[in-house]
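Report on the following structure.
Residue numbers (the numbering used here): 551 to 784.
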């Protein structure tokens, strides 16, 4: 699906959401080091190989200056991912953005390609405000496309404190990418794994499904250095 120059689809910018409160993990989750590389650096490399413009949505920009990516802060009172998506769409020169969360360590470029390709194909026949893959019988709202046509609904949800993404998707024109198609590229759904807690981190690094992906030469624990985090970044 990628076209000349590695760009999947003109008119879409890549966005990494890194503006969460991070209340359940001792450091900023994007800087967790898995398999010898931080999640944010791996994700940024993948997104840059697919999209011309890639931004990081964050309210702590000083932590991300070293990555050399454009940074976008919340333009409305922060209400989680909905506000980050809204702010990214406002700041993007493209009519749509492809969103991933900063705590997803095993994102597959092929699944991003699938979602963008299906969106392009289906948008020729019908207008959509979002395109979201389904895995495990559930939509994956932090891995997909959101369009500027959804801005009024996003703003309404934020201002009325109705910020549940899955409910929001049910109220707009959402293209759901069927699980069968997703599994053909990512059978175990590794792209949708995220790390919310230290327990999640320990489970992932000890899970045989991620052998080879989560390997590191460190012993993992709750300590910052043992988690493989650069202390000066935290």
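Where is the CB? At the ideal position from N, CA and C, for every residue including glycine.
Bridge partner(s) assigned by DSSP for residue i
{"i": "residue 726", "result": "682"}
{"i": "residue 605", "result": "565"}
{"i": "residue 669", "result": "Beta-bridge pairing links residue 669 to no other residue."}
{"i": "residue 693", "result": "650"}
{"i": "residue 631", "result": "629"}
{"i": "residue 688", "result": "685"}
Sub-8 Å separation of residue i and residue j beta-carbons
{"i": "residue 644", "j": "residue 562", "result": "yes"}
{"i": "residue 684", "j": "residue 741", "result": "no"}
{"i": "residue 603", "j": "residue 642", "result": "yes"}
{"i": "residue 713", "j": "residue 594", "result": "no"}
{"i": "residue 732", "j": "residue 655", "result": "no"}
{"i": "residue 650", "j": "residue 607", "result": "no"}
{"i": "residue 617", "j": "residue 590", "result": "yes"}
{"i": "residue 626", "j": "residue 698", "result": "no"}
{"i": "residue 717", "j": "residue 689", "result": "no"}
{"i": "residue 669", "j": "residue 725", "result": "yes"}
{"i": "residue 614", "j": "residue 646", "result": "no"}
{"i": "residue 636", "j": "residue 708", "result": "yes"}
{"i": "residue 710", "j": "residue 653", "result": "no"}
DSSP state of residue i mapped onto helix, strand, coil
{"i": "residue 649", "result": "strand"}
{"i": "residue 536", "result": "As displayed, the chain neither begins before 551 nor continues past 784, which places residue 536 out of reach and without an answer."}
{"i": "residue 837", "result": "Outside the shown range of the chain, which is 551 to 784, sits residue 837, and nothing can be said about it."}
{"i": "residue 560", "result": "coil"}
{"i": "residue 643", "result": "coil"}
{"i": "residue 677", "result": "coil"}
{"i": "residue 699", "result": "helix"}
{"i": "residue 780", "result": "For residue 780, the predicted model reports a pLDDT of 33, less than 50, meaning its position is unreliable; a value from the coordinates is still stated below. It is coil, neither helix nor strand."}
{"i": "residue 582", "result": "coil"}
{"i": "residue 623", "result": "coil"}
{"i": "residue 655", "result": "coil"}
{"i": "residue 610", "result": "coil"}
Any C-beta of chain B under 8 Å from that of residue i
{"i": "residue 750", "result": "Within the model displayed, chain B is absent; a lone protein chain is all it includes."}
Contact set for residue i: own chain, Cβ-Cβ below 6 Å, skip 5 residues either direction
{"i": "residue 623", "result": "609"}
{"i": "residue 736", "result": "658, 661"}
{"i": "residue 648", "result": "562, 564, 695"}
{"i": "residue 681", "result": "665, 669, 694, 695, 725"}
{"i": "residue 751", "result": "745"}
{"i": "residue 628", "result": "none"}
{"i": "residue 580", "result": "568, 589, 590, 652"}
{"i": "residue 634", "result": "567, 569, 607"}
Residues of its chain near residue i, where Cβ-Cβ distance is below 7 Å and the 5 sequence neighbours each way are ignored
{"i": "residue 686", "result": "739"}
{"i": "residue 553", "result": "For residue 553, the predicted model reports a pLDDT of 43, less than 50, meaning its position is unreliable and no value from the coordinates is stated."}
{"i": "residue 691", "result": "682, 715, 716, 719"}
{"i": "residue 619", "result": "594, 604, 605, 606"}
Residues near residue i in its chain [Cβ-Cβ closer than 8 Å; skip 5 each side]
{"i": "residue 596", "result": "657, 659, 662"}
{"i": "residue 677", "result": "699, 723"}
{"i": "residue 728", "result": "684"}
{"i": "residue 785", "result": "Residue 785 falls outside the range modelled here, since the chain spans only 551 to 784, and no answer is possible."}
Item to check | Continuous beta strand (DSSP E) assignments of at least 3 residues falling wholly in the stretch 702-756 | outcome: 724-727
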